[in-house]
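Per our numbering, residue 29 is the first one in the sequence shown, and the count goes up by one each step. Even for Gly, the Cβ is constructed at its ideal location relative to N, Cα and C. To keep things clear, I will list the structure first and then write my remarks on it.
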Amino acid sequence: MNIKTGMNVRVIRGNHRGREGKILYVFPKKERVIIEGVNLIKRHTRPSQENPQGGIVEKEGSIHVSNVMLVHSGKPTRIGYKKLDDGSKVRVSIRTGEEIK
């Protein structure tokens, strides 16, 4: 997967198209990501030590990684790779050609 935790992404498909957020978790085996503030689901919880009241809690659901695109310098872009002279590989923005950190 070429998307990592902490990157800003934009949703390009589905009900939440156009929304942007930071990636909180990445699940490489399932090819899914959880984005901050996107795809909120309601979860009914029992009273517990952390939540003595119980009730309905909203939290983020996962989205397939093919439905998100990295945002680099304000615009969504695909990610490519470029080899440097010393043999290391660097991620590059396809739109601008700049290196992604």
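Original post:
If we cut at 7 angstroms on Cβ distances, does lysine 57 have a partner in chain C?
Top reply: Considering every chain present, this structure includes no chain C. It has just one protein chain.
**OP:** Let me know if asparagine 43 comes out buried or exposed under the rule of 16 or more other beta-carbons within 10 Å of its beta-carbon.
**Re:** On the sequence shown, position 15 is the one that residue 43 refers to. Under this definition asparagine 43 is an exposed residue.
**OP:** Please classify serine 94: does DSSP put it in a helix, a strand, or coil?
**Re:** The residue given as residue 94 occupies position 66 in the sequence shown. Residue state, collapsed to three classes: helix.
Subject >> Coil, strand or helix - asparagine 30 by DSSP >> reply: Position 2 of the sequence shown, counting from 1, holds the residue named residue 30. Note: asparagine 30 maps to coil in three-state DSSP.
Subject >> glycine 125 - containing beta strand (DSSP E), residue span >> reply: Position 97 of the sequence shown, counted from the start, is the residue given in the question as residue 125. Boundaries for glycine 125: no beta strand (DSSP E) harbours it, and the DSSP string shows neither H nor E there.
**OP:** Find out if the Cβ-Cβ distance for the pair arginine 90, arginine 60 is shorter than 7 angstroms.
**Re:** On the sequence shown, position 62 is the one that residue 90 refers to. On the sequence shown, position 32 is the one that residue 60 refers to. As written in the sequence, residue 90 is serine, which differs from the arginine given in the question. The answer is yes: Cβ separation under 7 angstroms.
Subject >> Among Thr124, Lys110, Lys103, nearest to glycine 46 - alpha-carbon criterion >> reply: As a first step, residue 46 is located in the sequence shown; it is residue number 18 there, counting from the start. Of the candidates Thr124, Lys110, Lys103, the one whose C-alpha sits nearest the C-alpha of glycine 46 is Lys103.
Subject >> Close-in-space but distant-in-sequence residues of the same chain around arginine 74 (CB under 8 angstroms, 5 per side omitted) >> reply: Position 46 of the sequence shown, counted from the start, is the residue given in the question as residue 74. Within the same chain, arginine 74 has close Cβ partners Gly82.
Subject >> Which listed residue (Pro80, Glu86, Glu78, Asn79) has its alpha carbon closest to that of leucine 68 >> reply: If you number the sequence shown from 1, residue 68 lands on position 40. Considering only Pro80, Glu86, Glu78, Asn79, the residue with the shortest C-alpha distance to leucine 68 is Glu86.
**OP:** Identify whether proline 104 lies in helix, strand or coil by the three-state DSSP scheme.
**Re:** The residue you call residue 104 lines up with position 76 of the sequence shown. In the structure shown, proline 104 sits in a strand (DSSP, three-state: E or B).
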